[in-house]
Amino acid sequence: MTDDDIELFRRAVDGARPLDVEQRVDPTPRRSKPRARFTREDERRVLGESLDADIDLTEKNNGEALRFGRPSVGRRTMRKLGRGNFSVQAEIDLHGMTVAEAKPRLADFIEHSARTGKLCVRVIHGKGRGSGHRGPVLKDKVNRWLRRWEPVLAFVSARQVDGGTGAVYVLLQRSA
């Protein structure tokens with residue numbers, strides 16, 4: 006510090022007097038924001054329950070729309086798929102088929118589509134209105150099968166103009 010700095014400081018504090026010890030006020034300690042004691046544990050428990058839930062029951066209880074994506078598929082890609090932003094390069098219509106007829110045809114279709122480099126296909130399974138009290142049999146089976154097959158990266162129920170909840174867009178990984 007220079008002499009000018011020291012002189013400037015002395016002029017600035019001229020007339021200041023120290024406080025008496027009795028006049029000093031301790032600042033009140035700041036309180037932390039209130040938090041629920043069990044919030045983190047409750048959140049972990051709810052997350053665990055949601056991960057343990059039977060996926061087929063979850064799909065039925067959450068309405069008719071189907072949605073599945075492997076961990077490697079990002080949210081942006083899932084959003085694009087759901088909006089119908091991928092070009093559908095092939096489709097198969099399973100409506101009216103029995104489960105025994107539909108499974109091998111769908112398996113062949115998915116395998117052939119992946120092998121020939123198709124990225125997005127549409128599977129029309131129907132809404133199951135003809136199944137009566139049993140509900141949508143083919144739709145439920147297609148939901149299970151697609152989740153298990155390796156070439157399937159993701160699928161979502163189609164837009165209304167493409168079949169709505171009676172069809173799914175399927176995103177495939179290309180196989181060699």
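The numbers in the sequence shown follow the numbering used here, run straight up by one, and end at 181. For glycine and all other residues, C-beta sits at the position ideal for the given N, C-alpha and C.
Given residue i as reference, the closest of the options once Cα atoms are compared
| i | options | result |
| --- | --- | --- |
| residue 122 | 37, 178, 72 and 50 | 178 |
| residue 124 | 110, 76, 92 and 17 | 92 |
| residue 109 | 52, 154, 70 and 10 | 154 |
| residue 90 | 8, 126 and 15 | 126 |
| residue 160 | 83, 25 and 101 | 83 |
Exposure of residue i, with buried meaning 16 or more beta-carbon neighbours within 10 Å
| i | result |
| --- | --- |
| residue 38 | exposed |
| residue 131 | buried |
| residue 19 | exposed |
Length of the line joining the Cα atoms of residue i and residue j
| i | j | result |
| --- | --- | --- |
| residue 94 | residue 164 | 16 Å |
| residue 174 | residue 35 | 55 Å |
| residue 170 | residue 162 | 5 Å |
| residue 103 | residue 143 | 8 Å |
| residue 23 | residue 48 | 53 Å |
| residue 46 | residue 74 | 27 Å |
| residue 167 | residue 52 | 34 Å |
| residue 16 | residue 7 | 15 Å |
| residue 172 | residue 119 | 19 Å |
| residue 12 | residue 21 | 15 Å |
Strand pairing of residue i, partner residues [DSSP]
| i | result |
| --- | --- |
| residue 96 | 127 |
| residue 74 | 159 |
| residue 173 | 128 and 162 |
Beta-carbon proximity of residue i to residue j, cut-off 8 Å
| i | j | result |
| --- | --- | --- |
| residue 99 | residue 129 | yes |
| residue 158 | residue 78 | yes |
| residue 156 | residue 116 | yes |
| residue 148 | residue 71 | yes |
| residue 146 | residue 107 | yes |
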